[in-house]
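Structure first, commentary second.
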Amino acid sequence: MSNIPKKRIAIFGSTGSIGTQALDVIAANPDLFSAEVLTAMTNHTLLIEQAIRFEPAVVVIGEETKYHLVKEALAGKDIKVFCGEQALQEVASMSIYDMMLAAIVGYAGLKPTLRAIEAGKPIALANKETLVVAGDIIIRKALEYRVPIIPVDSEHSAIFQCLVGEGRNKIEKIILTASGGPFFGKKPNFLVNVKREHALQHPNWSMGAKITIDSATLMNKGLEVIEAKWLFNLRPDQIQVVVHPQSIIHSLVQFEDGSIKAQMGLPDMKLPIQYAMAFPQRIPNDFPRYNFIQPSTLHFHEPDLKTFRNLALAIEAMKQGGNMPCVLNAANELAVYAFLRNRIGFLDMTDVVEKTMMQIPYIEHPTLEDYFETDGEARTFAASIIHLYG
Ligand code: NDP
Ligand code: MG
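Heads up, the sequence shown is in the working numbering, so the first residue is 1 and it goes up one at a time.
What follows is the structure, encoded as C-alpha cells:
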C-alpha cells in the first residue's frame with residue numbers, strides 16, 4: 001500500500017455536505033488520499049478547523065472580508081491562504097494536487113472546474129450545474145485535455161459503474177431513479193402551502209439546502225437528466241426517469257440486447273464519493289450494507305410531470321439545447337434562494353424558471369462568453385420577477 005503515492009485531492013467546496021463527507025473518506029484512507037486544497041465561501045470556522053486537521057497546502061475563503069480571520073488562525077502553519085473568486089480559479093490551475101473534487105454548489109463551480117480541466121486534472125464531479133450550464137464545452141475540453149470526468153452524483157455514478165467493462169457496447173437507454181422527494185404523490189393544492197422548513201426535510205438523503213429544495217421540486221432530477229446527456233453522450237429520448245422512493249437502486253443502464261444492469265446499495269453519498277476518488281480501484285469501507293433478507297419492497301412509479309413541472313421544464317430545456325439549460329439553471333438558482341428566504345412560494349419557483357426561459361434570447365451554439373452573458377441576463381430577469389412577489 002505504502003508504495004503507491006497518495007492521491008492529492010483538491011476539495012472545492014470542502015465545507016459543504018459533499019465536501020465534509022469527502023474529508024471523512026480521506027480521513028478513513030490516509031494511505032491513499034491527502035487533502036491538498038480546501039475551499040469555502042463563508043464558513044471560515046469550519047474551513048479553519050478542517051485546515052488544522054488535514055494540513056492542506058492551500059485554503060481559499062470566497063468571502064474576502066473573512067480572509068484575515070483565516071490567515072490569523074492558520075499563522076505559523078505551512079498553509080497558503082487565498083481569498084476571492086479569482087483565487088479559486090488560480091488555485092485550480094496549481095500543480096499541488098492530482099484530482100479535483102468539484103463540490104461547490106451552483107454556477108460558481110463552473111469556472112474553477114474549467115480551469116482544472118485545462119490544467120489536465122481529473123475531475124470527480126459533484127457539481128452538476130457545471131454540466132447543465134455548459135456541458136458541451138466541458139465535455140469538449142475534457143476530451144481535448146484527456147481529462148476523465150468521474151461522476152459523484154449517485155445516479156451518474158451508478159450508470160458509470162454499470163458501464164465499466166462494456167467497452168463500445170451501445171446503450172439503448174438509461175433509467176435515472178428519483179426518490180420523488182418529500183412531496184411524492186402530493187398535488188398543487190398541497191404544494192402551494194409548502195414552507196421552507198418542510199421542503200428541507202428529505203426522506204432519504206441529507207444534503208445542502210439548494211439540492212434539497214431541487215429534490216423537493218424535482219428540478220434536481222431535471223438537472224440530472226441534462227447531466228446524464230452530457231456525461232454519457234445520450235439523446236434526450238434515451239433517458240427515462242423512474243420514481244423509486246426507497247433509493248436502493250441508484251440507476252440502471254439498458255443495453256441494445258435488452259439486458260439491464262443496475263447499481264444498488266443503501267443511500268450514502270460517501271460511496272460514490274469514494275468510488276470517484278479511488279477509481280479505477282474499489283476500496284474497502286465499513287459503511288452499512290443493504291440486506292436483501294430483511295422485509296422490504298422496492299417500488300417504481302412514473303414521475304408526475306404535471307404537478308412537478310420543473311422536471312418537464314428541464315427536459316424541454318435539454319431538447320431545445322443551446323443556452324436554454326443555462327437559462328433554466330440561472331433562474332432556478334435565484335428562485336431556490338428566494339424560496340429559502342421566504343420571498344416566494346414553492347410553486348412560484350417553477351413560474352420564475354418558466355418565465356425566464358420564455359424571455360431570454362435563444363442561442364443555438366453558444367460560446368463560453370455567451371454562457372456567461374446568458375447566466376447574467378437570466379439572473380437579472382429572474383430577480384425582477386421575484387421582486388414582484390414582494
Ligand atoms: P452545500 O451547500 O452543502 O455546500 C456547498 C459548498 O460550496 C460549500 O463548501 C460552500 O461554502 C461552497 N460555496 C457555496 N457558494 C459558493 C460560491 N459562490 N463560490 C464558492 N464556493 C461556494 O452543497 P452540497 O455539498 O449539497 O452540494 C455540492 C454540489 O454537489 C451541488 O452542485 C450539488 O448539486 C451536488 N450534489 C450534492 C449531493 C449531496 O448529497 N449533497 C448529491 C449529488 C450532487 P460555505 O460552506 O462557506 O457556504
Ligand atoms: Mg443525484
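We treat Cβ as the ideally placed atom computed from N, Cα and C, and that holds for glycine.
Would residue 226 and residue 325 qualify as a contact pair, given that the criterion is a beta-carbon distance under 8 Å? Working through the sequence shown from its first residue, we reach residue 226 at position 226. Working through the sequence shown from its first residue, we reach residue 325 at position 325. It is a contact, given that the beta carbons lie within the stated cut-off.
Enumerated in chain order, which unbroken segments of the alpha helix (DSSP H) with a length of 4 residues or greater are wholly contained in the segment 181–225? Whole alpha helix (DSSP H) segments, 4+ residues: 188–191, 196–199, 209–217.
For residue 140, the nearest candidate out of 125, 154, 117 (CA to CA): Mapped onto the sequence shown, residue 140 falls at position 140. Comparing Cα positions, the closest option is 117.
Three or more C-beta pairs closer than 8 Å, one from the segment 234–252 and one from the segment 167–175: is that the case here? Inter-segment contact for the segment 234–252 and the segment 167–175 is present: three or more beta-carbon pairs are separated by less than 8 Å.
Stretch-stretch touch, CB-based, cutoff 8 Å, three pairs: the segment 73–86 with the segment 14–24: No: fewer than three Cβ pairs fall under 8 Å.
Quick check on the contact list: which residues have their beta carbon closer than 7 Å to a heavy atom of the ligand MG? In chain order, the hits are 153, 154, 155, 220, 224.
Cα-Cα, which of 115, 347, 106, 235 is closest to residue 126? On the sequence shown, position 126 is the one that residue 126 refers to. Nearest C-alpha to residue 126: 106.
Can you find a heavy atom of the ligand NDP that lies under 7 Å from the Cβ of residue 373? Within the sequence shown, numbered from 1, the residue matching residue 373 stands at position 373. The answer is no for residue 373.
Would you mind sorting residue 281 into buried or exposed? The rule is 16 or more other CB atoms within 10 Å of its CB. The count along the sequence shown starts at 1 and reaches residue 281 at position 281. Exposed: under 16 other Cβ atoms inside 10 Å.
For residue 242, which beta-bridge partners are listed by DSSP? For this step, residue 242 is matched to residue 242 along the sequence shown. Assignment of beta-bridge partners to residue 242 by DSSP yields 177.
Given a cut-off of 8 Å, decide if residue 60 and residue 83 are closer than it, judged by their beta-carbon atoms. Your numbering for residue 83 matches position 83 in the sequence shown. Your numbering for residue 60 matches position 60 in the sequence shown. Yes.
Within the segment 91–132, note down every full beta strand (DSSP E) run reaching 3 residues or more, in order along the chain. Taking only runs of at least 3 residues, the beta strand (DSSP E) segments lying wholly in the segment 91–132 are 99–102, 123–125.
Provide the residue(s) that pair with residue 83 in DSSP beta bridges, ordered along the chain. By one-based count along the sequence shown, residue 83 stands at place 83. In DSSP, residue 83 forms a bridge with 61.
In or out: residue 342 buried (at least 16 other Cβ within 10 Å) or exposed? Here residue 342 refers to the residue found at position 342 of the sequence shown. When all chains shown are included, residue 342 counts as exposed.
Backbone CA spacing between residue 161 and residue 263 [nearest angstrom]: For this step, residue 161 is matched to residue 161 along the sequence shown. For this step, residue 263 is matched to residue 263 along the sequence shown. Cα-Cα distance, rounded: 7 Å.
What residues match up with residue 254 in a beta bridge as DSSP calls it? What you label residue 254 is simply residue 254 of the sequence shown in a count that begins at 1. Answer is 173, 260, bridged to residue 254.
To the nearest angstrom, report how far apart residue 9 and residue 70 are at their CA atoms. As a position in the sequence shown, residue 9 is number 9, starting the count at 1. As a position in the sequence shown, residue 70 is number 70, starting the count at 1. Cα to Cα, residue 9 sits roughly 21 Å from residue 70.
Residue 63 and residue 99 - do their beta-carbons sit closer together than 8 Å? The residue you call residue 99 lines up with position 99 of the sequence shown. The residue you call residue 63 lines up with position 63 of the sequence shown. Cβ distance not < 8 Å, so residue 99 and residue 63 don't count as in contact.
For the segment 358–378 against the segment 132–151, do three or more pairs of beta-carbon atoms, one drawn from each stretch, fall closer than 8 Å, so that the two count as touching? Touching, yes.
Pick out whichever of 286, 248, 271 has its Cα sitting closest to the Cα of residue 297. Start at 1 with the first residue of the sequence shown, and residue 297 comes out as number 297. Comparing Cα-Cα distances from residue 297 to each of 286, 248, 271, the minimum goes to 248.
What is the DSSP secondary structure of residue 364, counted as helix, strand or coil? Walking along the sequence shown from the start, residue 364 turns up at place 364. The answer is coil: DSSP assigns residue 364 none of H, G, I, E or B.
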